[in-house]
Amino acid sequence: MTPPRVRFAPSPTGYLHVGGARTALFNWLYARHTGGTHVLRIEDTDRERSTEEHTRIILDGLTWLGITWDEGPYFQGEYAGQHQADAERLLAEGKAYRCFCTREELDAQRVKAEAAGVGFHYDRRCLALTPSEVEKRVRAGAPSTIRFIMDDREITWNDAVHGRISFQGRDLDDFVILRSDNSAIYNLAVVSDDIAMRITHVIRGDDHISNTPKQIALYSALGHEPPVFAHVPMILGADGKKLSKRHGATAVGDYQEQGILPAAMRNFLALMGWSPGGDREIIPEDEMIRRFTLEGIQKKPAVFDTTKLEWLNGQYLSAVPVEDLLEPVKRQLSLMGVQANGDLRPLIDSVKARSRTILHVAEQVATRLYPERSKPDAKGQALILKMGPAFVANLDLASTALKALKPNEWEPERLLTTLKGVAEANNLKLGDVMQPVRVALTGSTVSEPVNELLFVVGPQSSIRTLSEKAQHWERDKNPA
RNA sequence: GGCGCUAUCGUCUAGGGGACUAGGACGGGGCCCUCUCAAGGCCCAAACACGGGUUCGAAUCCCGUUAGCGCUACCA
Numbered sequence: 022m023t024p025p026r027v028r029f030a031p032s033p034t035g036y037l038h039v040g041g042a043r044t045a046l047f048n049w050l051y052a053r054h055t056g057g058t059h060v061l062r063i064e065d066t067d068r069e070r071s072t073e074e075h076t077r078i079i080l081d082g083l084t085w086l087g088i089t090w091d092e093g094p095y096f097q098g099e100y101a102g103q104h105q106a107d108a109e110r111l112l113a114e115g116k117a118y119r120c121f122c123t124r125e126e127l128d129a130q131r132v133k134a135e136a137a138g139v140g141f142h143y144d145r146r147c148l149a150l151t152p153s154e155v156e157k158r159v160r161a162g163a164p165s166t167i168r169f170i171m172d173d174r175e176i177t178w179n180d181a182v183h184g185r186i187s188f189q190g191r192d193l194d195d196f197v198i199l200r201s202d203n204s205a206i207y208n209l210a211v212v213s214d215d216i217a218m219r220i221t222h223v224i225r226g227d228d229h230i231s232n233t234p235k236q237i238a239l240y241s242a243l244g245h246e247p248p249v250f251a252h253v254p255m256i257l258g259a260d261g262k263k264l265s266k267r268h269g270a271t272a273v274g275d276y277q278e279q280g281i282l283p284a285a286m287r288n289f290l291a292l293m294g295w296s297p298g299g300d301r302e303i304i305p306e307d308e309m310i311r312r313f314t315l316e317g318i319q320k321k322p323a324v325f326d327t328t329k330l331e332w333l334n335g336q337y338l339s340a341v342p343v344e345d346l347l348e349p350v351k352r353q354l355s356l357m358g359v360q361a362n363g364d365l366r367p368l369i370d371s372v373k374a375r376s377r378t379i380l381h382v383a384e385q386v387a388t389r390l391y392p393e394r395s396k397p398d399a400k401g402q403a404l405i406l407k408m409g410p411a412f413v414a415n416l417d418l419a420s421t422a423l424k425a426l427k428p429n430e431w432e433p434e435r436l437l438t439t440l441k442g443v444a445e446a447n448n449l450k451l452g453d454v455m456q457p458v459r460v461a462l463t464g465s466t467v468s469e470p471v472n473e474l475l476f477v478v479g480p481q482s483s484i485r486t487l488s489e490k491a492q493h494w495e496r497d498k499n500p501a
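Residues 22 to 501 in the numbering used here are what the first sequence lists, from first letter to last.
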C-alpha cells in the first residue's frame, strides 16, 4: 500500500483556533504514524477576508506546537486556473450548467421559502435554458455562475471515525461551483486541489460532514476515486456551544502568551477527542505517534477545559529540564520589564514545581531577583495581623542569626539548621520563624522551603531585604 | 423547517455481549507528609439520557423518543 498523503488546509481568515490546531495535529500524527506525507495548504480563496498576517500567525502557531509539514505551504489561490478548467470541463460534459439567476433573485426565493417553512432548493430554472439561449445571454454579457447537477442517488461513505454515513442526493442542492468572476467555490476548490495533490485521507472537522456528499459527487463527476474521510468532532466551550471568542482564549497564540508549554498544549489537544485506550494521560510525542489511529478518535464533541490544560502544563513544567525553560522565562521577564542578569537556572528550578504556567514561573523568578519589591498579598497581610508584634520580633531573630553566617555557610542545609536553632533557642515553632521570613522575601505565604528560598535569593539580597522590611513594619505599626 | 451527526461521573475519557460492585484523569471533599504551598501517597462523593426490543445475559447490538450540536451562501 502506498503511504497516505494528508493535508491540513486552514483558511487565513482568522487566528489559529484550537480546533484547527487539533485538526492539524491529527493530520500530522497520522502522517507520522503511517510514514505518510503531511501537506499544508492555505485556502485563501476568500479574498475579502484572507490576509498574509493571518497566514503567518497560523504558520507560527503550527511551528510552536511542533507540527511540521512535508510539502507546502501551497496557496489555493494559485490553482484558480485548474479550478476553472475543472468547472468548465464539467460544463462541457453536461454535468453542470450555467445559471444566470442574480443574487437578489436567489435571496428573494430563499426568503420566500423560509417564510413558508420549507427548505430552500434551487429550482433549476436555468437548467431548462436552451443552448442557444445560454449562448445569447453569455454573448450579451450577462454574468453567470456554474452550477453542478446533483442527481438523486444516495451517496454514502465509510467515515473513518463515524462509520457509514449516507445522504440522499435529492436532499442536496445544485450547488454553485464557479462564481461569476470565475473563481471556485470552496467545494470545487477543495476537490480539485485534493485530486491534484493526490490526497488519500481527508481528516477535518465534523462541520464538513454535510459538504462531503457534494464533494464525493464532484470526485465522481471528475472521474476520480474519493479519499478516505475522517471527520473529527468539534471542540466546545464550557456551555456546550461551539468554542468561540466569547469563551475566552481560543487562539493557540493566547495559550502561548499565557505560558503554556507547546508539549503540554499538544498533549492536551491530542486528548481532546482522541484516546490511545486505557489510562494514559501524559503521553510523550513518540508514543503519541506510535499509538495514533483514526479509530481511536471520539465521535462526540469535547468541552475545552482550561483547568485540566493547566494541570497538564504543571506536570510538564515539573518534568522538563530547567534549560528548556530558560528561554521562555527570559522572554516572559523582558515582557514584564524585569531586568534579569546572571544565571536564572537555580531560580527557575526552585520555583517550577509550584507553577502551572511559564507566567507563574517568571513572576516568582522576578520576586526572587528583587525581593525588596515584594508586597504582602492578602494571605501575607492576614499573617502579619494575626502574629502582631511577634511577626517583626521573629523576623529580627532570624535576621540576626542569618547575618552571623559566613558567606560559605550560606547553603540550604546550614540555613535550615540555623533557622531551626533560632526556633529552639526562643522556644518557637519552626513555622513562626519561617513564615515571617517567607512573607518578607516574597510577600506570599507560599513558596519553596524557606531555606531554599534564602539560598537562591542569596545572602546580600536576603539580609538587606529582611532588615529593610523589619524596619519598615516596625515603624509602620499597621503594615497590612 | 429540512438534512446530518452525537449521547458513560461537572469535565476529558476507558469500555467492542458475561471479566462492571462501570475503571483512570482533571476539578471537589478528607487524611498523610510538612516551615507554607505545590508535588506525591491514601481515601470519599460523582455517570451508562429515556423507552422499547434482540439475547440465558446489554453501557456494549437494533428501533424509537428526547436533548445537544453542525450544515442548510456566488463563506471556508
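A virtual CB, placed ideally from N, CA and C, is assigned to each residue, including glycine.
The C-beta of LEU406 has fewer than 16 other C-beta atoms within 10 Å across all chains shown, which makes the residue exposed. In the DSSP assignment, LEU290 is bridged to no other residue. Within the model, the alpha-carbon separation for THR123 versus ILE79 is close to 36 angstroms. Around the C-beta of SER376, 16 or more other C-beta atoms lie within 10 Å, and the residue is accordingly described as buried.
If one requires a minimum length of 4 residues, the alpha helix (DSSP H) runs lying completely within the stretch 317-344 are 327-340, in chain order. Within the same chain, and ignoring the five residues on either side of SER483 in sequence, the residues whose Cβ sits closer than 6 angstroms to its Cβ are LEU475.
With a 10 Å radius around the Cβ and a threshold of 16 neighbouring Cβ atoms, LYS396 comes out exposed. Rounded to whole angstroms, ILE167 and THR271 show a C-alpha spacing of 37 angstroms.
VAL350 sits buried, since 16 or more C-beta atoms from the chains shown fall within 10 Å of its C-beta. For the pair ILE256 and ARG158, the Cα-to-Cα distance works out to about 47 angstroms. Secondary structure of ILE63 (DSSP, three-state): strand. At a Cβ-Cβ threshold of 8 angstroms, PHE196 and LYS133 do not count as neighbours. Per DSSP, the unbroken alpha helix (DSSP H) holding TYR276 starts and ends at 273-278.
Judged by beta-carbon spacing, ASP214 lies beyond the 8 angstroms limit of VAL223, meaning their Cβ atoms are not closer than that value.
In this structure ASP398 touches SER465 by the C-beta definition: roughly 6 angstroms separates them, less than 8 angstroms. Assigned with DSSP and collapsed to three states, CYS122 falls in coil, not helix or strand. The alpha-carbon separation between LEU127 and LYS263 amounts to approximately 29 angstroms. Taking all protein chains in view, the Cβ of SER468 is crowded by 16 or more other Cβ atoms within 10 Å, so the residue is classified as buried. Per the DSSP secondary-structure output, ARG26 pairs in a beta bridge with THR58. Scanning ARG301, ASN415, PRO254 for the CA closest to the CA of PHE325 turns up PRO254. Around the CB of SER231, fewer than 16 other CB atoms lie within 10 Å, so the residue is classed as exposed.
For GLU302, no beta strand (DSSP E) run applies, since DSSP gives it neither H nor E.
Note that the C-beta distance between LEU199 and GLN105 is below 8 angstroms.
Its Cα nearest to that of GLN319, the residue ALA291 stands out among VAL155, ALA291, ALA414.
Straight-line spacing of the CA atoms in MET408 and GLN402 works out to 10 angstroms.
One Cα belongs to GLY140, the other to LEU193, and the distance between them is close to 10 angstroms.
When the Cα atoms are used, ALA251 and LYS373 turn out to be separated by approximately 39 angstroms.
Distances from the alpha-carbon of ALA30 to those of GLU64, LEU50, HIS54 put GLU64 closest. Short of 8 angstroms from the beta carbon of PRO24, and not among the five residues preceding or following it, lie these beta carbons of its own chain, in chain order: THR55, GLY56, GLY57, THR58. In this model, LEU390 and VAL359 are separated by some 9 angstroms (Cα to Cα). Linking LEU83 to THR388 through their CA atoms gives a straight-line distance of about 33 angstroms.
The shortest C-alpha to C-alpha distance from GLY269 to any of ASP107, LEU368, ILE304, THR327 is the one to THR327. The beta carbons of LEU282 and LEU338 sit closer together than 8 angstroms. Straight-line measurement puts the Cα of TRP49 at about 49 angstroms from the Cα of THR151. Straight through space, the alpha carbons of VAL386 and LEU368 are spaced by roughly 6 angstroms. For ARG145, the closest of ALA161, PRO164, TYR118, VAL155 by C-alpha to C-alpha distance is TYR118.
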